[in-house]
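Here UniProt numbering is used: position 19 in the sequence shown is 19, and no number is missing along the way.
See below for the structure under consideration.
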Amino acid sequence: MGVTGAGKTTLLDVLANRVTMGVISGEMLVDGRPRDDSFQRKTGYVQQQDLHLETSTVREAIVFSALLRQPASVPR
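Printed below as a string of structure tokens:
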């Protein structure tokens, strides 16, 4: 991926609209096209945190995250 300080997290934060400091300027293109509103719905990333249970699989962690984000009306 890259060495510490190369800008990996900054790039992901910009793509996810998570930047809270500084100024972002220029065009934001994904595959050569402007990013549309559906980009946020179709993408996601998990920040590096040691908060996941050691006993959970990656699939279980993703399903749990999805359940937290869905309205109660969505069936499991």
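Cβ coordinates follow ideal geometry from the N, Cα and C atoms, glycine included.
No experiment lies behind these values; they were computed from the predicted model shown.
query = How long is the line joining the alpha carbons of I62 and A72, rounded to whole angstroms?
reply = The straight-line gap from Cα to Cα measures roughly 17 Å.
inquiry  = DSSP three-state label for L12, please.
reply    = In this structure, L12 counts as helix in the three-state DSSP scheme.
key: Rounded Cβ spacing between Y45 and L12 (contact assumed at less than 8 Å)   = 5 Å
query = Since L68 is in the alpha helix (DSSP H), which residue starts that stretch and which ends it?
reply = 58 to 69
query = Going by beta carbon distance, what residues of the same chain come within less than 7 Å of I24, once the five residues before and after it are set aside?
reply = V14
Selection from L29, D31, T10, E27 that minimises the alpha carbon distance to M21 = T10
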